[in-house]
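Note sheet for the following structure.
This is the structure we're talking about:
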(Lines of atoms letter the chains of each structure in order from A and count residues from 1; the text may use other names and numbers.)
(Lines give C-alpha, C1' and ligand atoms only; values in the text may rest on other atoms or scores of the structure.)
Protein backbone atom coordinates (compact mmCIF):
# COMPACT_ATOMS: atom_id res chain seq x y z
CA UNK A 1 0.00 0.00 0.00
CA UNK A 2 1.38 3.40 -0.94
CA UNK A 3 0.69 6.92 0.34
CA UNK A 4 -2.31 6.11 2.54
CA UNK A 5 -3.81 7.75 5.61
CA UNK A 6 -5.51 5.47 8.13
CA UNK A 7 -7.16 5.76 11.50
CA UNK A 8 -6.58 3.22 14.27
CA UNK A 9 -8.63 0.07 13.72
CA UNK A 10 -9.12 0.39 9.95
CA UNK A 11 -5.97 -1.47 8.92
CA UNK A 12 -6.85 -4.33 11.27
CA UNK A 13 -10.21 -4.66 9.52
CA UNK A 14 -8.51 -4.78 6.12
CA UNK A 15 -6.05 -7.43 7.32
CA UNK A 16 -8.80 -9.44 9.01
CA UNK A 17 -10.31 -9.92 5.53
CA UNK A 18 -6.99 -11.34 4.28
CA UNK A 19 -6.19 -14.20 6.71
CA UNK A 20 -3.68 -15.85 4.32
CA UNK A 21 -1.66 -12.68 3.70
CA UNK A 22 2.05 -13.46 4.23
CA UNK A 23 3.79 -10.32 2.87
CA UNK A 24 2.87 -6.67 3.37
CA UNK A 25 4.69 -3.52 2.36
CA UNK A 26 3.50 -0.14 3.65
CA UNK A 27 5.07 2.89 1.98
CA UNK A 28 4.40 6.50 3.01
CA UNK A 29 1.48 6.08 5.37
CA UNK A 30 0.25 7.93 8.42
CA UNK A 31 -2.43 8.01 11.07
CA UNK A 32 -1.97 4.66 12.79
CA UNK A 33 -0.55 4.63 16.31
CA UNK A 34 -0.94 0.92 17.02
CA UNK A 35 -1.16 -1.93 14.52
CA UNK A 36 -2.06 -5.42 15.71
CA UNK A 37 -1.44 -8.23 13.26
CA UNK A 38 -1.93 -11.30 15.42
CA UNK A 39 -4.70 -13.12 13.57
CA UNK A 40 -3.20 -13.41 10.09
CA UNK A 41 -0.30 -15.48 8.72
CA UNK A 42 1.82 -12.40 8.02
CA UNK A 43 5.48 -13.42 8.01
CA UNK A 44 7.16 -10.43 6.34
CA UNK A 45 6.47 -6.72 6.87
CA UNK A 46 8.27 -3.76 5.30
CA UNK A 47 7.46 -0.25 6.55
CA UNK A 48 8.81 2.79 4.69
CA UNK A 49 8.23 6.39 5.69
CA UNK A 50 5.77 6.02 8.54
CA UNK A 51 4.50 9.42 9.71
CA UNK A 52 2.34 10.44 12.63
CA UNK A 53 0.74 13.84 13.16
CA UNK A 54 2.10 13.83 16.71
CA UNK A 55 5.80 13.49 15.86
CA UNK A 56 6.85 12.37 19.34
CA UNK A 57 4.81 9.17 18.98
CA UNK A 58 5.84 6.18 16.94
CA UNK A 59 3.99 3.15 15.65
CA UNK A 60 3.46 0.28 18.08
CA UNK A 61 3.44 -2.99 16.16
CA UNK A 62 2.01 -6.19 17.68
CA UNK A 63 2.81 -9.02 15.28
CA UNK A 64 3.90 -12.30 16.88
CA UNK A 65 3.93 -14.30 13.62
CA UNK A 66 6.48 -12.07 11.86
CA UNK A 67 9.73 -13.73 10.82
CA UNK A 68 11.17 -10.68 9.00
CA UNK A 69 10.54 -6.99 9.55
CA UNK A 70 12.26 -3.89 8.31
CA UNK A 71 11.39 -0.25 8.84
CA UNK A 72 12.80 3.20 8.23
CA UNK A 73 11.53 6.76 8.16
CA UNK A 74 9.74 6.74 11.52
CA UNK A 75 9.85 5.18 14.96
CA UNK A 76 8.40 1.66 15.11
CA UNK A 77 8.18 -0.20 18.43
CA UNK A 78 7.79 -3.95 18.20
CA UNK A 79 5.76 -5.69 20.89
CA UNK A 80 5.22 -9.41 21.24
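In this note's numbering, the protein residues as written are 5 to 84.
All C-beta atoms, glycine included, are put in the ideal place defined by N, C-alpha and C.
If you look at residue 57, you'll find it isn't in any beta strand (DSSP E); DSSP assigns it neither H nor E. In the three-state scheme derived from DSSP, where H, G and I count as helix and E and B as strand, residue 70 is classed as coil. Between the C-alpha atoms of residue 7 and residue 73 there is a straight-line separation of about 19 Å. For residue 39, the enclosing beta strand (DSSP E) covers residues 38-40. Of all alpha-carbon atoms in 71, 69 and 10, the one lying nearest the alpha-carbon of residue 37 is that of 10.
The shortest C-alpha to C-alpha distance from residue 16 to any of 68, 50, 75 and 44 is the one to 44.
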